[in-house]
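Q: Once you've had a glance at the structure underneath, I'll fire off some questions.
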Amino acid sequence: MRLILASASPRRKELLSTLIPSFEVIPSGINEDLIEIKDPVRFALKAAEAKAESVASGTDNGVIIAADTVVSLNGRIIGKPGDENEAYDILSHLSESEHSVITGLCIIAKNGKKTKKLMDYEKTIVKMRKLKEEEIISYLSHANWRDKAGAYAIQEHGDKFIEYIIGDYHNVVGLPVKRLRKLLTQMIRSKAMNLSLVRGGDTHKEHRQQT
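The working numbering puts the first residue of the sequence shown at 40, with every later residue one more than the last.
Quick look at the structure:
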């Protein structure tokens with residue numbers, strides 16, 4: 040049975056490898072801008088589902104894992120910045136604020152004409168400290184903020200902006216490993232797939248305090 044990650048994200052690939060040692064990577068190529076949903080949770084779930092279904096349409100036998108991460112401030116989705124000016128505006132709005140990082144997950148198991156789908160999501164609260172103008176400018180000139188929800192990557196120097204995190208740190212990176220393990224275990228128990236997960240691969244902190 041083929042195991043496929045429907046994402047080109049190196050972060051998701053690295054995190055998934057802590058659960059599954061061997062899998063294929065096939066990006067979905069869907070246009071998230073075409074999803075007209077304003078609710079952050081529903082958007083993340085729909086985007087993950089669309090990614091999984093897009094890749095699943097090209098195989099008759101396999102398990103497809105897809106994820107989509109969005110940042111939400113006061114219930115409004117903060118998208119990926121189109122340019123450096125937009126990235127600056129996003130970080131300025133996130134400064135001194137709590138925001139939510141939501142990742143939708145979708146797993147599709149196909150075996151001939153039989154198909155089983157499972158979906159879930161993870162939500163993490165992130166509080167940014169007050170950001171100085173020169174800090175934002177310096178970050179944008181050095182860090183890889185492009186194509187990042189919220190215009191920052193916590194694993195690429197973005198953690199220096201964080202005051203605290205409540206929830207799954209891996210979710211902020213891009214893949215909630217513990218939640219995904221639960222979904223995969225549920226899929227295995229339903230006998231929709233035959234897979235052995237790496238033990239202990241989802242070790243993480245539920246609450247991480249930055250100083």
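Cβ coordinates follow ideal geometry from the N, Cα and C atoms, glycine included.
Hey, how far is the Cα of D207 from the Cα of L214?
A: Taking the first residue of the sequence shown as position 1, residue 207 is located at position 168. Taking the first residue of the sequence shown as position 1, residue 214 is located at position 175. So the two alpha carbons sit approximately 9 Å from each other.
Q: What are the boundary residues of the beta strand (DSSP E) that K155 is part of?
A: Within the sequence shown, numbered from 1, the residue matching residue 155 stands at position 116. Per DSSP, K155 belongs to the beta strand (DSSP E) from 153–167.
Q: Please report how far the alpha carbon of H209 lies from the alpha carbon of N150, in whole angstroms.
A: Counting from one through the sequence shown, the residue named residue 209 turns up at place 170. Counting from one through the sequence shown, the residue named residue 150 turns up at place 111. H209 and N150: Cα-Cα distance of roughly 30 Å.
Q: What does the Cβ neighbour count give for H138, buried or exposed, with the cut at 16 atoms within 10 Å?
A: Within the sequence shown, the letter at position 99 stands for residue 138. H138 is buried by the Cβ-count criterion.
Q: Are there 16 or more other CB atoms within 10 angstroms of the CB of G237, so buried, or fewer, so exposed?
A: On the sequence shown, position 198 is the one that residue 237 refers to. Reading off the sequence shown, one finds Val at residue 237, where the question assumed Gly. The residue in question, V237, is exposed, as its Cβ has fewer than 16 Cβ neighbours within 10 Å.
Q: Measure from the alpha carbon of Y160 to the alpha carbon of each residue in C145, K153, E173, K169, then state which is nearest.
A: Taking the first residue of the sequence shown as position 1, residue 160 is located at position 121. For the residues C145, K153, E173, K169, the minimum Cα distance to Y160 belongs to C145.
Q: For K244, collect the residues of the same chain with a Cβ closer than 6 Å to its Cβ; drop the 5 residues on either side in sequence, then sort them by chain order.
A: Sequence index remark: in the sequence shown, residue 244 carries index 205 (1-based). Low local confidence applies: a pLDDT of 49 at K244 is under 50, so the model's placement there is unreliable, and no value is given.
Q: Please report how far the alpha carbon of V212 lies from the alpha carbon of A105, in whole angstroms.
A: As a position in the sequence shown, residue 212 is number 173, starting the count at 1. As a position in the sequence shown, residue 105 is number 66, starting the count at 1. In a straight line, the C-alpha of V212 is about 15 Å away from that of A105.
Q: When burial is assigned at 16 or more other CB atoms within 10 Å of the CB, is A192 buried or exposed?
A: As a working note, residue 192 is residue 153 in the sequence shown. By the neighbour-count rule (16 or more Cβ atoms within 10 Å), A192 is buried.
Q: Could you tell me the boundaries of the alpha helix (DSSP H) in which E173 lies?
A: As a first step, residue 173 must be located in the sequence shown, where it is residue number 134. That run of the alpha helix (DSSP H) goes 172–181.
Q: How is N113 classed by DSSP in three states: helix, strand or coil?
A: For the purposes of this step, residue 113 is taken as the residue at position 74 of the sequence shown. In this structure, N113 counts as coil in the three-state DSSP scheme.
Q: Please classify L55 as buried or exposed, where buried requires at least 16 other C-beta atoms within 10 Å of its C-beta.
A: Position 16 of the sequence shown, counted from the start, is the residue given in the question as residue 55. So L55 counts as buried.
Q: According to the Cβ coordinates, are L170 and Y127 closer than 8 Å?
A: Indexing the sequence shown from 1 puts residue 170 at position 131. Indexing the sequence shown from 1 puts residue 127 at position 88. No; because the gap between Cβ atoms is not below 8 Å, this pair is not in contact.
Q: Using only the alpha-carbon positions, how far apart do I201 and K166 sit?
A: Position 162 of the sequence shown, counted from the first residue, corresponds to residue 201. Position 127 of the sequence shown, counted from the first residue, corresponds to residue 166. Distance from the CA atom of I201 to the CA atom of K166, rounded to whole angstroms, is 6 Å.
Q: Under a Cβ-count criterion, where at least 16 other Cβ atoms within 10 Å of its own Cβ denotes burial, should D107 be classed as buried or exposed?
A: If you number the sequence shown from 1, residue 107 lands on position 68. Result: buried.
Q: Over what stretch of residues does the alpha helix (DSSP H) that includes V237 continue unbroken?
A: Along the sequence shown, one-based indexing puts residue 237 at 198. Boundaries for V237: no alpha helix (DSSP H) harbours it, and the DSSP string shows neither H nor E there.
Q: For the region 218–230 against the region 174–188, are there 3 or more C-beta pairs whose distance is under 8 Å?
A: no
Q: Could you pull the start and end residues of the alpha helix (DSSP H) that S229 belongs to?
A: Numbered from 1 along the sequence shown, position 190 holds the residue referred to as residue 229. Per DSSP, S229 lies in no alpha helix (DSSP H) and is assigned neither H nor E.
Q: DSSP three-state call for L58: helix, strand or coil?
A: Within the sequence shown, the letter at position 19 stands for residue 58. Note: L58 maps to coil in three-state DSSP.
Q: For K149, which three-state DSSP category applies?
A: For the purposes of this step, residue 149 is taken as the residue at position 110 of the sequence shown. K149 falls in the strand class under three-state DSSP.
Q: Using the three-state DSSP reduction, which class does D72 fall into: helix, strand or coil?
A: Start at 1 with the first residue of the sequence shown, and residue 72 comes out as number 33. Helix, per DSSP.
Q: Look up M40 in the DSSP assignment and say whether it is helix, strand or coil.
A: On the sequence shown, position 1 is the one that residue 40 refers to. M40 falls in the coil class under three-state DSSP.
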